[in-house]
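Below is one structure, written out as structure tokens; comments come after it.
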Amino acid sequence: METGGSELARPALIASAAAPPRAAWRARGIALDRYFTRVAILPTFLVMLGIFGMPLAFSFYLSFTGYAQGQGLFSGGYVGLENYEDLLSDPVFTGSIAITLVYTAAAVTAEMVLGLGIALLLNIDLPGIRICRTALIIPMMVTPIVGALCWKLLLDPSHGVINDWIGEPIVWLGRPDTALAAIWIVGVWQSTPYVMLILLAGLRSLPGEPMEAAAIDGASRRQVFWHVTLPLLRPYLLVALLLRTIFEFRAFDNIYAMTGGGPANSTMVLSMFTYLLSFVRFDFGLGAAASWLMLLMALLVCLFFIATIRRREVT
Amino acid sequence: MAQVVGSKRKRRLEAVLVYTVLAVLVLAFVFPLIWVLGLSLKTRLEIFATPPLYLWWPTLENYADVLTRTDFAQAFVNTLIVSASAVLLSLFVGVPAAYAFARFPFTGRTFLFFALLVMRMLPPIAVLVPMYVLFSKLGLATTRFSVVLADTTFALPLVVWLMRGFFEDLPAELEESAWIDGASRYLAFWHIVLPLARPGLVAASILCLQLAWNDFLFAAVLTNNVTQTLPVMMAAFNAGDSGVDWGGLTASGVLVILPVIIFSFVAQKHLVAGLSSGAIKG
């Protein structure tokens, strides 16, 4: 539907064929005005359908077939729910769900706590604080795969600087008990700045009056923080929390660069598992099933996020 | 801005405390990159010295090596082509849509808008599996074009979300008076709205460029040795464990991240809006 009544103020519509070409063009443009919205939306709609909707629909189909590379597009035999059953009875897959959830929870928690702490510090009015802010957002700008490779060198068992400080040749990425923790540190290093920036924007936008009023009424600074600042910051906290959950859930680059899912599957997150199934074992049917299960889990968080910002469009 | 309150002495003490904590944090966050920058300026012997060298005479030989490698130049050009095309495609397709979302109510607007958000949020690996199969059937796999299309799945929603915000902030009077003066919607959009939205267009392009430049997963699956982008090439350095060429890896790493860091600083003002996909205006 178009905005109503826009055609009323259009005397130019009566431009005749005798009008100069420029004016005729204009008249034609105005005659096409009622299609404007459709014309503007159509390309986006087509691209979405073509590179997103269609592949997802196709992957839904694939997930019910025994597809292998080299087969025709729709020649994989129908296998019903077999792919899903195989996955759910595969301990590596169920294990990877657990690892993904643990990793996501640990990374998001650390990022939120650290991000909030740093945002509060950076919000204090002191000279030179902008330089600190700029320095602290650099890790977020680094190409993730490069950042992870840098950390791999720092953590190198024999030549890494971290082991030199500790004085022990710890094989950080080669031991099931330390590999995920190492990846967690890199993730927190990369993504805390995101949380910090969002929360800092939130703190900057808060009205000053409620804090002042509470301080005048004799509230201690801790009380002001817990009972005034944090509740006011809630929408920003929620946006940061949900966005980080969505993005940590699909973590891939760091793990690919640092461990590839090993050792002993201890860092096998869902993205990595699906990647290996599809592009190393080339079992696209099973890969599609795994990606659909992952999609459904991500969709839950995503819909929650949408419900949150729709309820209260944060500006 | 929170003010430090209290007596003068207490205030000074607090400032010292805040600076100390911030200095430690800055050091912890920046150290890995400084160290890698340092490694890239060492000779092979210096890199593997035990204990590690903290002071040495810097050398540019690793950079000279990397810059004369043909595969690095090729990957650099590929990355540039892929990122620029993804940005242009997303802007071309997404900006008119963002304008329509901001100004004209139409059926399905809310649904379409949030569908775009979902597109940005879902795990890329989930789209990549079927995309790869479809692209190989179409003969597009291992081409740069396939990576451009894949990157667009993330760049396009970002453009639409960011630009909608910018268009909503523009006053509508200017376009409206142009319509009354007889300009069509198309003309008014092209000649009045777009020039006004230029700062937004710059911010959106930089954020998309950053996204496409940094993408690893799509490029890793959809390219080969000839069409690979820089992040894919970087990962290939990693192939052997003890045989890793630290000098080459660190020097090319620095060269890969330098452009992104520069872009990001240029667009610093808009980073928050970009990070939150427009859910928060920075």
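Keeping their order, the protein sequence lines are chains D and V.
Counting from 3, one number per residue, gives the positions in the first sequence under the working numbering.
Counting from 1438, one number per residue, gives the positions in the second sequence under the working numbering.
Beta carbons: idealized from backbone N, C-alpha and C, even for Gly.
If we cut at 8 Å on Cβ distances, does residue i have a partner in chain D?
i               : result
R1581 (chain V) : no
L1686 (chain V) : yes
P1608 (chain V) : no
A1534 (chain V) : yes
F1466 (chain V) : yes
W1683 (chain V) : yes
V1441 (chain V) : Legend: pLDDT at V1441 (chain V) = 49, less than 50; position of this residue unreliable, value from coordinates given subsequently. V1441 (chain V) counts as touching chain D.
S1701 (chain V) : yes
S1444 (chain V) : no
N1675 (chain V) : yes
F1510 (chain V) : The question names Phe, but residue 1510 (chain V) is Ala in the sequence shown. By this cut-off, A1510 (chain V) is not an interface position.
P1489 (chain V) : yes
F1604 (chain V) : no
L1517 (chain V) : no
A1704 (chain V) : no
P1495 (chain V) : no
For the alpha helix (DSSP H) that contains residue i, what are its first and last residues?
i               : result
K1447 (chain V) : K1445 to S1477
V1524 (chain V) : T1507 to R1540
P45 (chain D)   : F38 to M50
K154 (chain D)  : P146 to L156
E87 (chain D)   : E84 to L90
L239 (chain D)  : L232 to F251
A121 (chain D)  : P93 to L124
S207 (chain D)  : A181 to S207
W228 (chain D)  : No alpha helix (DSSP H) holds W228 (chain D); DSSP gives it neither H nor E.
V1585 (chain V) : R1581 to D1606
W1616 (chain V) : E1610 to I1617
L1561 (chain V) : Note that residue 1561 (chain V) corresponds to Pro in the displayed sequence, not to Leu. Note, P1561 (chain V): alpha helix (DSSP H), P1561 to K1574.
Taking 8 Å as the CB-CB cut-off, is residue i touching chain V?
i              : result
S280 (chain D) : yes
S18 (chain D)  : For S18 (chain D), the pLDDT reaches just 47, beneath the cut-off of 50, and the residue's location in the model is therefore unreliable, although a value from the coordinates is still provided. Closer than 8 Å: no.
Y258 (chain D) : yes
P45 (chain D)  : yes
Y86 (chain D)  : no
F60 (chain D)  : yes
G289 (chain D) : yes
I32 (chain D)  : yes
A300 (chain D) : yes
R313 (chain D) : no
G254 (chain D) : Here residue 254 (chain D) turns out to be Phe, not Gly, going by the sequence shown. Yes, F254 (chain D) counts as interfacial toward chain V.
Candidates the options: which alpha carbon is nearest residue i's?
i               : options                               : result
M198 (chain D)  : V:F1466, V:A1452 and V:V1703          : V:F1466
L1525 (chain V) : V:L1638, V:V1658 and V:T1664          : V:L1638
A1688 (chain V) : V:V1455, V:L1497, V:V1461 and V:L1454 : V:L1497
G1690 (chain V) : V:L1459, V:L1454, V:L1559 and V:L1476 : V:L1476
S160 (chain D)  : V:I1484, V:T1579, V:I1471 and V:A1710 : V:I1484
A1657 (chain V) : V:V1463, V:P1489, V:A1512 and V:L1490 : V:A1512
M142 (chain D)  : D:L123, D:E113 and D:L122             : D:E113
A1534 (chain V) : V:E1610, V:A1501, V:L1450 and V:L1593 : V:L1593
G97 (chain D)   : D:R312, D:L272 and D:T310             : D:L272
V1603 (chain V) : V:L1575, V:L1633 and V:T1590          : Note on identity: in this sequence residue 1603 (chain V) is Phe, with Val being the wrong assignment. Considering only alpha carbons, the answer is V:L1633.
A242 (chain D)  : D:W294, D:S65 and D:A203              : D:A203
L1470 (chain V) : V:T1580, V:F1702 and V:L1695          : V:L1695
T1516 (chain V) : V:V1570, V:F1548 and V:F1582          : V:F1582
I1518 (chain V) : V:M1670, V:T1666, V:L1631 and V:W1683 : V:T1666
R252 (chain D)  : V:L1559, V:F1548, V:S1614 and V:F1551 : V:L1559
S1701 (chain V) : D:G289, D:V144, D:D166 and D:I311     : D:V144
W1494 (chain V) : V:Y1500, V:T1480 and V:A1501          : V:T1480
List the residues of chain V whose Cβ lies closer than 8 Å to the Cβ of residue i, in chain order.
i              : result
M296 (chain D) : P1560, I1562 and A1563
S268 (chain D) : Within chain V, no residue comes near S268 (chain D); the closest Cβ sits about 18 Å away, beyond 8 Å.
Which residues in chain D sit within 7 Å of residue i, going by Cβ to Cβ distance?
i               : result
N1651 (chain V) : T145 and P146
G1690 (chain V) : V148, L151 and C152
W1472 (chain V) : L156 and V163
F1551 (chain V) : I308
A1452 (chain V) : L128
Taking Cβ-Cβ distances shorter than 9 Å, what residues in chain D pair up with residue i?
i               : result
V1524 (chain V) : Per Cβ cutoff of 9 Å: no residues; V1524 (chain V) is ~14 Å from chain D at best.
I1698 (chain V) : I140, M143 and V144
Show which residues of chain V have a CB atom less than 7 Å away from the CB atom of residue i.
i              : result
V49 (chain D)  : V1530, T1589 and L1593
P57 (chain D)  : V1564, P1567, M1568 and L1571
A42 (chain D)  : P1533, A1534, Y1536 and A1537
S273 (chain D) : P1560 and I1562
Given that residue i touches chain D, what residues does it touch there, using C-beta distances under 8 Å?
i               : result
F1727 (chain V) : Beyond the ends of chain V as shown, which are 1438 and 1719, falls residue 1727 (chain V); an answer cannot be given.
A1672 (chain V) : I147, L151, Y258 and A259
Return yes when at least one heavy atom of the ligand NAD lies under 7 Å from the C-beta of residue i, else no.
i               : result
N1661 (chain V) : The model depicted lacks the ligand NAD and carries no ligand whatsoever.
Would you list, in chain order, the members of the stretch 131–165 of chain D that have their beta-carbon closer than 7 Å to a beta-carbon of chain V?
Residues of the stretch 131–165 of chain D with a C-beta atom less than 7 Å from some C-beta of chain V are C134, A137, L138, I140, P141, M143, V144, T145, P146, I147, V148, L151, C152, W153, L155, L156, H161 and V163, listed in chain order.
Along the stretch 1622–1637 of chain V, where does the CB come closer than 7 Å to a CB of chain D? Name the residues.
So the list reads R1622, Y1623 and L1624, given in the order they occur along the chain.
Residues of the stretch 189–208 of chain D whose Cβ lies closer than 7 Å to any Cβ of chain V, in chain order:
For the stretch 189–208 of chain D, the set of residues with a beta-carbon nearer than 7 Å to any beta-carbon of chain V comprises W191, Y196, L199, I200 and A203, in chain order.
Please name the residues in the stretch 173–184 of chain D whose beta-carbon is closer than 9 Å to at least one beta-carbon of chain V, in chain order.
Taking 9 Å as the cut-off between beta carbons, none of the residues of the stretch 173–184 of chain D comes near chain V.
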